[in-house]
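Structure first, then comments.
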Amino acid sequence: MKIEILGTGCASCKTLYENTKKAVEESGKTAEIIKVEDIPSIMKYGVMNTPALVIDGKVVFCGKAASTAEIKGLL
Amino acid sequence: MIKSFADYIVFSKIGLLHGSHAGEALNFFIYDTIKIFLLLTSIIFVVAIIRSYFSPERTRRILSSKREYVGNILAALLGTVTPFCSCSAVPLFIGFLESGIPLGVTFSFLISSPMVNEVALIMLWGLFGWKIATIYIGTGLVVAIVSGIIIGRLKMEKHVQDYVCEIKVGATEIKEQSFPEKLIYARDYTLGLLKKIWPYVVVGIGLGAFIHGYAPADFLLKYAGRDNPLAVPLAVVIGVPLYSNAAGVIPIVQALMAKGMATGTVLAFMMAVTALSFPEAVILKNVLKTRLLITFFGIVAIAIIFVGYLFNAIL
Chain B
1 MKIEILGTGC ASCKTLYENT KKAVEESGKT AEIIKVEDIP SIMKYGVMNT PALVIDGKVV
61 FCGKAASTAE IKGLL
Chain D
76 MIKSFADYIV FSKIGLLHGS HAGEALNFFI YDTIKIFLLL TSIIFVVAII RSYFSPERTR
136 RILSSKREYV GNILAALLGT VTPFCSCSAV PLFIGFLESG IPLGVTFSFL ISSPMVNEVA
196 LIMLWGLFGW KIATIYIGTG LVVAIVSGII IGRLKMEKHV QDYVCEIKVG ATEIKEQSFP
256 EKLIYARDYT LGLLKKIWPY VVVGIGLGAF IHGYAPADFL LKYAGRDNPL AVPLAVVIGV
316 PLYSNAAGVI PIVQALMAKG MATGTVLAFM MAVTALSFPE AVILKNVLKT RLLITFFGIV
376 AIAIIFVGYL FNAIL
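Protein chains in written order, with our numbering: chain B, 1 to 75; chain D, 76 to 390.
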């Protein structure tokens with residue numbers, strides 16, 4: 001599974017990255033987690049409200065730093 | 076009730092004297108902190124539920140078919156309820172322009188969003204009363220609408236960074252949340268926002284309390300009172316580089332006002348602090364060439380100064 005965190009690098013983007021990392025670890029699944037920080041790549045997903053979470057090329061949510069538990073439910 | 080609680084703590088429990096500097100400052104601090112946090116928690120929660128119906132994607136859809144005037148008015152109004160943090164300003168700006176929203180309309184949105192919001196409304200209402208809160212919200216919207224129209228008229232589209240128009244914005248489908256999901260979102264949003272702004276609020280109220288208790292009542296009257304014509308532009312010039320959200324700056328301006336700063340000057344200062352800042356300029360430099368960036372700051376600053384003079388004249 002490929003997980004992308006879209007965000008220009010603000011505090012909530014970092015929180016989302018950490019929470020996602022934890023969620024993947026706790027779920028025991030293997031996933032590649034990538035930070036996407038450049039604007040054109042973020043815009044390719046049509047996301048205007050960062051941070052956003054993309055799983056296997058699909059935007060799952062945007063505009064919030066979701067909790068570890070919430071992300072685990074989405075994996 | 077909060078007042079008697081604060082009185083009880085300060086004058087009965089701690090034993091400070093009525094009218095003493097320390098007593099008045101501490102009393103003011105306790106009273107305002109409790110009142111503001113109660114108001115903040117309840118109203119942010121309600122607004123978060125309203126916000127969950129206005130995603131940036133929906134706002135973009137609404138605005139993309141609108142032109143000058145109607146577009147500017149709608150953009151300024153939607154700017155107050157559409158959730159987005161300052162670090163999303165760049166993707167939002169690009170997304171708006173790409174879907175055909177005029178530059179001026181986009182600016183109306185970007186100006187109103189940080190300046191006119193529920194936190195500003197609650198803090199002003201709690202500390203100054205509903206009249207000043209309404210005036211601030213109303214004039215804030217007018218500043219956003221007028222500045223956006225002027226920027227649109229100046230035809231500065233070529234001063235947007237060149238790469239912006241080359242970006243292709245992908246289509247995305249984000250499913251609407253169910254109502255229970257919205258409640259959870261609202262709870263998380265409220266907690267998250269409170270966590271972010273509480274230090275500003277406490278420091279702001281603390282500074283306000285200090286000025287309240289220690290500075291003489293006519294301290295600012297000479298410099299920032301109604302009779303000094305330079306007070307308004309000066310307040311704006313000082314306010315622009317300062318960066319704070321509404322939550323941090325309002326307790327301070329309340330204290331300034333209590334010490335003789337004129338109402339219009341206070342409103343102008345607050346608008347300058349929230350609407351324009353250095354960090355924002357740095358973020359927007361990613362999408363705006365210098366000339367448009369300076370024009371944007373200049374026009375908004377002039378509009379704010381105008382509001383300041385207006386209210387010093389009529390209030």
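Heads up, the beta-carbon is just placed ideally off N, CA and C, and yes, glycines get one too.
Whether residue i touches residue j by CB criterion (8 Å)
| i | j | result |
| --- | --- | --- |
| D:V218 | D:L172 | no |
| D:A208 | D:A321 | no |
| D:L266 | D:P326 | no |
| D:V348 | D:S319 | yes |
| D:L368 | D:A356 | yes |
| D:V191 | D:L216 | yes |
| D:F344 | D:V311 | yes |
| B:T20 | B:I34 | no |
| D:H287 | D:A337 | no |
| D:I111 | D:A81 | no |
| D:S222 | D:G175 | no |
| D:G204 | D:L114 | no |
| B:A65 | B:P51 | yes |
| B:L75 | B:K29 | yes |
| D:G245 | B:Y45 | yes |
is_contact[residue i, chain D] using C-beta, thresh 8 Å
| i | result |
| --- | --- |
| B:I42 | yes |
| B:T30 | no |
| B:T20 | no |
| B:Y17 | no |
| B:I39 | yes |
| B:T77 | Because chain B here runs from 1 to 75, residue 77 of chain B falls outside it and cannot be looked at. |
Best match in the options for proximity to residue i [C-alpha to C-alpha]
| i | options | result |
| --- | --- | --- |
| D:V156 | D:S130, D:S174, D:V307 and D:N361 | D:S130 |
| D:T214 | D:M231, D:E355, D:I186 and D:I226 | D:I186 |
| D:L363 | D:V180, D:V311 and D:E232 | D:E232 |
| B:G7 | B:V60, B:I33 and B:D38 | B:D38 |
| D:P166 | B:K35, B:S41 and B:I34 | B:S41 |
| B:M43 | D:A164, D:V315 and D:N192 | D:A164 |
| D:I118 | D:M332, D:S139, D:A261 and D:A376 | D:A261 |
| D:L178 | D:A151, D:V85, D:F203 and D:I224 | D:I224 |
| D:V382 | D:I77, D:Y211 and D:H93 | D:Y211 |
| D:V145 | D:F184, D:I374, D:L229 and D:L385 | D:F184 |
| B:S27 | B:K14, B:V54 and B:M1 | B:M1 |
| D:P395 | D:S87, D:D82, D:S127 and D:M76 | Past the boundaries of the shown model lies residue 395 of chain D; chain D is included only from 76 to 390, so the question cannot be answered. |
| D:Y384 | D:A350, D:D302 and D:I111 | D:D302 |
| D:D237 | D:Y275, D:G170 and D:N361 | D:N361 |
| D:I109 | D:M76, D:L359 and D:E251 | D:M76 |
| B:G9 | B:I3, B:V36, B:V24 and B:A31 | B:V36 |
| D:I148 | D:R136, D:F182, D:I124 and D:V122 | D:F182 |
Which of helix, strand or coil DSSP assigns to residue i
| i | result |
| --- | --- |
| B:E4 | strand |
| D:C240 | helix |
| D:L305 | coil |
| D:V165 | helix |
| D:E355 | helix |
| D:I225 | helix |
| B:E32 | strand |
| D:A284 | helix |
| D:F129 | coil |
| D:K233 | helix |
| B:C160 | This structure cannot settle anything about residue 160 of chain B, because the visible part of chain B is limited to 1 through 75. |
| B:I55 | strand |
| D:L363 | strand |
| D:A264 | One detail in the question is off: residue 264 of chain D reads as Tyr in this sequence, not Ala. D:Y264: helix per DSSP, three-state reduction. |
| D:H96 | helix |
| D:N387 | helix |
| B:S67 | coil |
| D:K110 | helix |
| D:A337 | coil |
| B:C10 | coil |
| B:V47 | coil |
Residue-level contact to chain B via CB, residue i, 8 Å cutoff
| i | result |
| --- | --- |
| D:G175 | no |
| D:K243 | yes |
| D:P131 | yes |
| D:R301 | no |
Chain-ordered residues of the region 47-63 of chain B with a beta carbon less than 8 Å from chain D
V47, M48, N49, T50, V59, F61, C62 and G63
Check distances from the C-beta atoms of the region 117-144 of chain D to those of chain B and list, in chain order, the residues that come in under 8 Å.
S130, P131, E132 and R135
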